[in-house]
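To keep things clear, I will list the structure first and then write my remarks on it.
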Amino acid sequence: MTGLVYRRHAEQWEATYAPAAFAVITAFTAMRLMFLGLNPLELYPDEAQYWYWAQEPALGYFSKPPLIAWIIAGTTALFGDSEAAIRLGAPLCHAASATFLFLLGRDIGGGRLGFWSALIYLTLPGVFVSSSIISTDVPLLTCWAAALWAFNRSLTAQNGTYAAATGIVIGIGLLAKYAMVFFFAGMALLLILRPSLWRKLLGPSSVIILALALLVAAPNLLWNLQHGFVTFAHTASNANLEGELFNPGELGEFWAAQAGVFGPLLLLILVLGTLSAPLHWRRANPEERASDKFLLAFALPVLLVISGQAFLSRANANWAVLAYVPATILVLSWSFRLLPRGVTALSLALHLVLGCAVMVFALSPAATDFADSFAKNRPIANAFKRMKGWEELAQIVPAFTSGKSYTALLSDNREDIAEFLYYGREWTTPIRMWNGGKPPEDHFELTRALKPEEAGLVLLLTQQQNPRAILKRFEDAKSLGSIEIPIGGGRTREFYLFELRALLGEVGTGSP
1084 MTGLVYRRHA EQWEATYAPA AFAVITAFTA MRLMFLGLNP LELYPDEAQY WYWAQEPALG
1144 YFSKPPLIAW IIAGTTALFG DSEAAIRLGA PLCHAASATF LFLLGRDIGG GRLGFWSALI
1204 YLTLPGVFVS SSIISTDVPL LTCWAAALWA FNRSLTAQNG TYAAATGIVI GIGLLAKYAM
1264 VFFFAGMALL LILRPSLWRK LLGPSSVIIL ALALLVAAPN LLWNLQHGFV TFAHTASNAN
1324 LEGELFNPGE LGEFWAAQAG VFGPLLLLIL VLGTLSAPLH WRRANPEERA SDKFLLAFAL
1384 PVLLVISGQA FLSRANANWA VLAYVPATIL VLSWSFRLLP RGVTALSLAL HLVLGCAVMV
1444 FALSPAATDF ADSFAKNRPI ANAFKRMKGW EELAQIVPAF TSGKSYTALL SDNREDIAEF
1504 LYYGREWTTP IRMWNGGKPP EDHFELTRAL KPEEAGLVLL LTQQQNPRAI LKRFEDAKSL
1564 GSIEIPIGGG RTREFYLFEL RALLGEVGTG SP
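Taken in order, the sequence shown gives residues 1084 to 1595; the numbers are from the working numbering.
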């Protein structure tokens, strides 16, 4: 009788985890939507560029696949062109990611694991930051989480429904960011870790997954074919393998940054748990070992490849973010099985403190100024200062055009032109990018190169005090002065303006 009562209580508890998880997801999403409306920080340069892409939705762009632009096109069509509307997709995508983590965690270890997986994911330091910035990582994480859930189900399904869902979601993920190809590396490692799956993974289901992934991603592949594979070339250039190829300091910085993405306690458990996995798997039951290997297969390739990239050259902190979707469930599973109670709650509390600090810094100008002063050239200060001063710049520049009929406003910097296109969107003069006659190195050099008929009387806006390479290409060049924009922490961003007349020779490569 006692066993029956216990089982009934267990079933009752299990039934509460789904509504509890969705309540938590809803609460965090509502809080983050409110934060977007209050956030005073201007668009990050990449965000401004994605907004520009969204004005003309296409099948591809110079540096990224098209999904990010499509998302922004959708949110701004509904809610206008405010910063909050542009960023709206971020918290919504993270809510979807958390939902898939709950579903995957529940399939693997029950409702308790699913609930905590969703909650911990929502509070990861990297997710707190990412929820307030629209980036390609945001939809990528959603597709990764959805693909993991569908693929895990496909391993036991009697038909190809979940395999088809996996392939479709992988294809959508490839339209977000090419890092989605890591999913195939995870499938390959799973073959090694769980040889019993060879027949399943090398059968029709894998053919379905690959075929549908390629089919969904095909429009972007065709766009790249028509444009000389510029997105692939740009992605490859990010590896930056032309310099010194042994950089242990960069590797150390990368792993230190991961504590700020995944959380220091979770990262420690992940590293120690992975290194000791053969030992604690001896005490685990077959189902636990199988689920551990599944999750590890999709976390390890990302971490190992990006660590190798960091050692050979450099790696941004967010490049390994895909690993932390399966790693969240894996670390929680290990914590429940192997560690004292309270470890999960301690990690949650630490994440909430860090997350609240991020929100306070973003909402308070005084706090961001303090961060700029304290952190100096560290990444957090750089992030804040790159989200200030752009609207003021767009308001000041028109004063330099009084009484003049400029044929173009010319920029020589991708970030500057992206921000001016957004904050100066009422500007009627054509806004163009200088490429110096070389092959395009960014989207604006590809699509907004100066036209010959626009090169008569040009206003140059640059952060170079003496842009000699540009000035010498015009018959006459006159300095109009400079603009100094405060960006917090006692720093300023200085722009120099020049009036240019009559371009000498050819404009250069690139087409409008």
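Just so it is clear, CB atoms sit at the ideal spot from N, CA and C, and this is done for glycine as well. Computed from a predicted structure; not experimentally measured.
- Between Phe1444 and Phe1265, the CB-CB gap reaches or exceeds 9 angstroms.
- DSSP places Lys1376 in the uninterrupted alpha helix (DSSP H) bounded by 1369–1395.
- In the displayed model, Thr1239 falls within coil according to three-state DSSP, outside both helix and strand.
- Of the candidates Ile1570, Ala1233, Tyr1506, Ala1233 places its Cα closest to the Cα of Ala1248.
- Ala1262 is positioned such that its CB atom lies no closer than 9 angstroms to that of Gln1341.
- Between the stretch 1496–1506 and the stretch 1121–1134 there are three or more inter-stretch CB-CB distances shorter than 8 angstroms, so the stretches are counted as touching.
- The three-state secondary structure of Arg1556, taken from DSSP, is coil.
- Cα atoms of Trp1227 and Leu1205: separation of roughly 15 angstroms, rounded to the nearest angstrom.
- Cβ neighbours of Leu1350 within its own chain (closer than 7 angstroms, five residues either side excluded): Gln1341, Ala1342.
- Nearest Cα to Ile1151 within the set Leu1223, Asp1190, Gly1192, Phe1185: Leu1223.
- Counting every other CB atom within 10 Å of its CB across the protein chains shown gives Met1117 a total below 16, marking it as exposed.
- Here Ile1275 is exposed. Its C-beta has fewer than 16 other C-beta atoms within 10 Å.
- Take Arg1372, set aside five residues on each side of it, and the residues of its chain with a beta-carbon closer than 8 angstroms to its own are Trp1364, in chain order.
- In the DSSP assignment, Tyr1579 falls within the unbroken beta strand (DSSP E) covering 1574–1586.
- The shortest C-alpha to C-alpha distance from Pro1513 to any of His1526, Ser1488, Ile1191, Lys1521 is the one to Ser1488.
- In the DSSP assignment, Leu1186 falls outside any beta strand (DSSP E) and lies within the alpha helix (DSSP H) extending over 1172–1192.
- CA-CA distance, Gly1356 to Gly1194, rounds to 22 angstroms.
- Following the DSSP letters along the chain, one finds Ile1479 inside the alpha helix (DSSP H) bounded by residues 1473–1479.
- Met1470 carries a coil assignment under DSSP once its states are collapsed to helix, strand and coil.
- The C-alpha of Val1354 is placed about 39 angstroms away from the C-alpha of Arg1574.
- Following the DSSP letters along the chain, one finds Leu1274 inside the alpha helix (DSSP H) bounded by residues 1265–1276.
- Annotated three-state conformation of Ala1398 is coil, per DSSP.
- For Ala1491, the enclosing beta strand (DSSP E) stretches over residues 1491–1494.
- Here Ser1180 has Leu1224, Thr1225, Ala1228 as same chain residues with Cβ atoms under 6 angstroms from its own Cβ, once five neighbours each way along the sequence are excluded.
- Counting only residues of its own chain and dropping the five nearest sequence neighbours on each side, Tyr1407 has a CB closer than 6 angstroms to the CB of Phe1345.
- Across the structure, Ala1552 and Thr1490 are spaced so that their CA atoms are roughly 20 angstroms apart.
- Around the beta carbon of Gln1392, a 10 Å sphere encloses 16 or more other beta carbons of the protein chains shown; the residue is thus reported as buried.
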